[in-house]
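Note sheet for the following structure.
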Amino acid sequence: MPGFSRIIGGAFMLNQQGFDSWAGEYDKTVREIDKKNQYPFAGYQKIVTAIYKRAVHPPQSRILDIGFGTGLLAGRLYEEGHDLTGVDFSNEMISIAKSKMPKAQLYEWDITNGLPPAVMNQSFDTIISTYALHHLTDAGKVSLIKQLLPLVKPGGQILIGDVAFQTHQELDQCRRNYIEVWDENEYYFVYEELAASLAEHCSCEFTPISHCGGVIELK
Ligand SMILES: C[S@@+](CC[C@H](N)C(=O)[O-])C[C@H]1O[C@@H](n2cnc3c(N)ncnc32)[C@H](O)[C@@H]1O
25 MPGFSRIIGG AFMLNQQGFD SWAGEYDKTV REIDKKNQYP FAGYQKIVTA IYKRAVHPPQ
85 SRILDIGFGT GLLAGRLYEE GHDLTGVDFS NEMISIAKSK MPKAQLYEWD ITNGLPPAVM
145 NQSFDTIIST YALHHLTDAG KVSLIKQLLP LVKPGGQILI GDVAFQTHQE LDQCRRNYIE
205 VWDENEYYFV YEELAASLAE HCSCEFTPIS HCGGVIELK
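Its first residue numbered 25, the sequence shown is counted upward by one per residue in the numbering used here.
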C-alpha cells in the first residue's frame, strides 16, 4: 500500500520510477513536511545539518553518499571542497544532483544489489546516507553496512540520518499515530536491533532528533 505517496500527492510506489516522478518536487515536499513536524520528515533539516557538521571535517575529504537524491546534503559538502562520490538509482534525481556537483562521481545503481563494483575498491573519510536506507529490509541494511565498513578510512565514520527509533515499541507507537499515511513498504531503523546485529563489526551511537528521526553513527 503506497501510504506515504499520498502525503506527497501521488499514488505511486517509491521505486525507481516513483523517485523519478518525485525528483522535481522533492526538496519542496520535504521542506513542507519537516515544517509541519510530521512523519516521515520531521526533523529533516536538523538531521541533515547534524550530519553536515560532522562530515565537513576533515576539510577536502573523500565522501560517499548512498541515495544522495537531489544532492541537498552532498551538494553542500561539495561546495565546501569535498570530493563527492554517490550512488542512487533515480536518473531524474541524478540529473538534478549532477547540476549541483558537476565533478562528483555519481553512479546510477540499485543498492538492493549491494554496492557498484566501481565503489568497492575505493576508500572514504566519511560515508553518509540520509533517508535512503529505509528502502532496504533490515537484513539488507546490515548487509550493505558490512560492505561499507571496510571502505571507511581509519578514523573515519558512517553517518546515517533517517526515520529511526530507539526501540520497536517507539516505532509501533509512531505507526499507530500515522496509520493513515504510514508506508508499509518501508523498513525504518530500530536502533537497538541494528546495534545488536552490528555489535561484532563496529561501534554504534544513536542521537534521536525528532519524534520519528535521528542520526546513527558507526565507527
Ligand atoms: C527520500 S530520498 C533521500 C534523498 C537525499 N539523501 C535526502 O536526504 O534528501 C531517497 C533516495 O534514495 C534513492 N533510492 C531509494 N532506493 C534506492 C535503491 N534501491 N538504490 C539506489 N537508490 C535508491 C532514491 O532514488 C532517492 O534519491
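Cβ atoms here follow ideal geometry from the backbone N, Cα and C, with glycine treated the same way.
Original post:
Around ligand 1, which residues pass a check of Cβ closer than 5 Å to any of its heavy atoms?
Top reply: Near ligand 1, residues with a Cβ at less than 5 Å from any of the ligand's heavy atoms are PHE43, GLY91, GLY93, LEU96, ASP112, PHE113, SER114, MET117, ASP134, ILE135, THR136, THR154, TYR155, ALA156, HIS159; the list follows chain order.
Original post:
Beta carbon of LEU88, beta carbon of PHE148: below 9 Å?
Top reply: Yes.
**OP:** Please go through the same chain and pick out, in chain order, the residues whose beta-carbon is closer than 6 Å to the beta-carbon of LEU242, but skip the five residues on each side of it.
**Re:** Only ILE182, CYS226, CYS228 meet the Cβ criterion.
Subject >> Rounded straight-line distance, which links the Cα of GLN197 to that of ILE151 >> reply: C-alpha separation (whole angstroms): 30 Å.
Original post:
PHE230 lies in the beta strand (DSSP E); which residues open and close that run?
Top reply: It spans 228-232 - the beta strand (DSSP E) in which PHE230 sits, taken as one unbroken run.
Original post:
Helix, strand or coil for VAL239 per DSSP?
Top reply: Under the three-state reduction of DSSP, VAL239 is assigned to strand.
Original post:
Exposed or buried, MET296, counting other C-beta atoms within 10 Å across all chains shown (16 or more means buried)?
Top reply: Limits of the chain in this structure are 25 at one end and 243 at the other, which puts residue 296 out of reach.
Original post:
Quick one: Cα of GLY202 to Cα of PRO64, how far?
Top reply: Residue 202 is actually Tyr in this sequence, not Gly. Using only the alpha carbons, I get a separation of about 9 Å.
Original post:
For GLY27, which of helix, strand or coil comes out of DSSP?
Top reply: Low per-residue confidence applies at GLY27: pLDDT is 49, beneath 50, and the placement is therefore not dependable, though the value from the model is reported in the following sentence. Note: GLY27 maps to helix in three-state DSSP.
Original post:
Between TYR131 and the rest of its own chain, which residues show a CB-CB distance below 6 Å, the 5 nearest in sequence each way excluded?
Top reply: Same-chain partners within the cutoff: VAL111, PRO140.
Original post:
Among all the DSSP beta bridges, which residues are the ones paired with SER153?
Top reply: According to DSSP, SER153 bridges with ILE184.
Original post:
Which word fits ALA223, buried or exposed, when buried means at least 16 other C-beta atoms lie within 10 angstroms of its C-beta?
Top reply: Under a 10 Å Cβ-count criterion, ALA223 is classified as exposed, with fewer than 16 other Cβ atoms of the shown protein chains found around its own Cβ.
Subject >> Limits of the unbroken alpha helix (DSSP H) element including GLU194 >> reply: Note, GLU194: alpha helix (DSSP H), 192-201.
Subject >> Short Cβ contact (9 Å threshold) for LYS127 with GLY95 >> reply: No.
Original post:
Any idea what DSSP makes of TYR215, helix, strand or coil?
Top reply: In this structure, TYR215 counts as helix in the three-state DSSP scheme.
Original post:
Span of the alpha helix (DSSP H) holding GLN40?
Top reply: Per DSSP, the unbroken alpha helix (DSSP H) holding GLN40 starts and ends at 40-46.
Original post:
So what does DSSP say about GLN129, is it helix, strand or coil?
Top reply: GLN129: strand per DSSP, three-state reduction.
Original post:
Are the CB atoms of VAL187 and TYR215 nearer to each other than 9 Å?
Top reply: Result no, Cβ atoms of VAL187 and TYR215 do not sit closer than 9 Å.
Subject >> Coil, strand or helix - THR136 by DSSP >> reply: The DSSP-derived three-state label of THR136 is helix.
**OP:** Can you tell me which of GLY179, LEU218, HIS158, ARG199 puts its alpha carbon nearest to the alpha carbon of LYS170?
**Re:** The shortest C-alpha to C-alpha distance from LYS170 to any of GLY179, LEU218, HIS158, ARG199 is the one to LEU218.
Original post:
CB VAL54 to CB GLY185, shorter than 9 Å?
Top reply: Not closer than 9 Å, so no.
Subject >> Endpoints, alpha helix (DSSP H) assigned at ASP58 >> reply: Going by DSSP, ASP58 is part of the alpha helix (DSSP H) stretching over 50-59.
Original post:
When the Cα atoms are used, what is the spatial distance from GLU104 to GLN84?
Top reply: When rounded, the distance between both Cα atoms is 8 Å.
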